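Asker: Okay, handing you the structure first.
In full-length UniProt numbering, the protein residues as written are 1 to 285.
Here it is in structure tokens:
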């Protein structure tokens, strides 16, 4: 019985030692690959010759294919920081919770540099075999990734623009301004009298140079028939009409388009397109 107990104890100790070595090796290899750009560590010393990345539409199999896949991250991003937040193991499986930060300054799976910064978190399940990494499967929010790259627009963008219009319609200017980035770049259409201050930088400049003047120079002013069109790269196109009456008693009804750009839930840029002839004709009569 004592002999059996000693054998079991030795087996348990050996298993714990193997697991500990696997985790240490795994953390070090991926830290060097991503944070130190040592892509050549993807070789048979650290990875099983049939290393498999579980993915869609088909798995990536083999060291060269695996290396080629991750080369996109190494060359596609600068200012990289890969952090293993937590790592656990059970048997030959390793589960890691990770965070990746970087700036998209190189070609990434054929996507030209966007200059966008990403901050992603996810989980990877890895399988070890004879002290080498044999299989990996990543779990992360790909939609968030694409949104951060600016390739897919945030679904909340149209809601933000719509809320600004609704606040403006109610005369709630502070709320309308709250949807703007502190460094918003605002441009009125060329030929519009309010374009004399282009570009207006920041909400206060928009308030004083545009909103305040519009209110002060009109008996009434409204935005009618607003239709919002979601576009790629976090942009929203609005088509509408201006209906207004200047203090001189002259009215106008003009076709308008607004081009909004959003970033991190705030409006960062605005470009107006309007039939300035109608506006100026009414102003000068």
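Positions of the beta carbon are idealized from the N, C-alpha and C atoms, including for glycine. All of these numbers come straight from a predicted model, not from anything done at the bench.
So what's residue 132 in DSSP terms, helix, strand or just coil?
Answerer: Numbered from 1 along the chain shown, position 132 holds the residue referred to as residue 132. Looking at residue 132 - three-state DSSP - the assignment turns out to be strand.
Asker: From the DSSP output, in three-state form, read off residue 181 for me.
Answerer: Locating residue 181 in the chain shown gives position 181, counting from the first residue. Correct three-state label for residue 181: strand.
Asker: For residue 71, which residues in the same chain have their Cβ closer than 7 Å to its Cβ, ignoring the five residues on either side in sequence?
Answerer: Here residue 71 is taken as the residue at index 71 of the chain shown, counted from 1. Within the same chain, residue 71 has close Cβ partners 39.
Asker: According to the neighbour-count rule (16 or more other Cβ atoms, all chains shown, within 10 Å of its Cβ), is residue 279 buried or exposed?
Answerer: Taking the chain shown and counting its residues from 1, one reaches residue 279 at position 279. Classification of residue 279: buried, given that the 10 Å Cβ count is 16 or more.
Asker: In the DSSP output, which residue or residues are listed as bridge partners for residue 90?
Answerer: Numbered from its first residue, the chain shown carries residue 90 at position 90. The partner list for residue 90 (beta bridge, DSSP) reads 93.
Asker: By alpha-carbon positions, which one of 134, 242, 112 and 131 ends up nearest to residue 255?
Answerer: For the purposes of this step, residue 255 is taken as residue 255 along the chain shown, with counting starting at 1. Checking every option, the nearest Cα to that of residue 255 belongs to 242.
Asker: Is it buried or exposed, residue 277, if we count other Cβ atoms within 10 angstroms and call 16 or more buried?
Answerer: Against the chain shown, residue 277 aligns to sequence position 277. Burial call: exposed.
Asker: In terms of residue numbering, what span does the beta strand (DSSP E) encompassing residue 194 cover?
Answerer: Stepping through the chain shown from its first residue, residue 194 is reached at position 194. Per DSSP, residue 194 belongs to no beta strand (DSSP E) and is neither H nor E.
Asker: Could you name the residues of the same chain whose beta carbon sits closer than 7 Å to that of residue 198, not counting the 5 residues immediately before and after it, in chain order?
Answerer: For the purposes of this step, residue 198 is taken as residue 198 along the chain shown, with counting starting at 1. Same-chain partners within the cutoff: 187 and 188.
Asker: Tell me whether residue 239 sits in a helix, a strand or coil according to DSSP, three-state version.
Answerer: In the chain shown, the residue the question calls residue 239 occupies position 239. Three-state DSSP puts residue 239 in a strand.
Asker: Using a threshold of 7 Å, is the CB atom of residue 269 nearer than that to any non-hydrogen atom of the ligand ADP?
Answerer: With respect to small molecules bound, the structure shown includes none, and the ligand ADP cannot be examined in it.
Asker: Since I believe residue 282 is in contact with residue 246 (beta carbons under 8 Å), could you give me their beta-carbon distance rounded to a whole number of angstroms?
Answerer: The residue you call residue 246 lines up with position 246 of the chain shown. The residue you call residue 282 lines up with position 282 of the chain shown. At roughly 6 Å, the Cβ-Cβ gap stays under 8 Å, so residue 246 and residue 282 are in contact.
Asker: Residue 136 to residue 53, Cα distance in whole Å?
Answerer: Reading the chain shown from its first residue, position 136 is the one you call residue 136. Reading the chain shown from its first residue, position 53 is the one you call residue 53. Roughly 5 Å between the two C-alpha positions.
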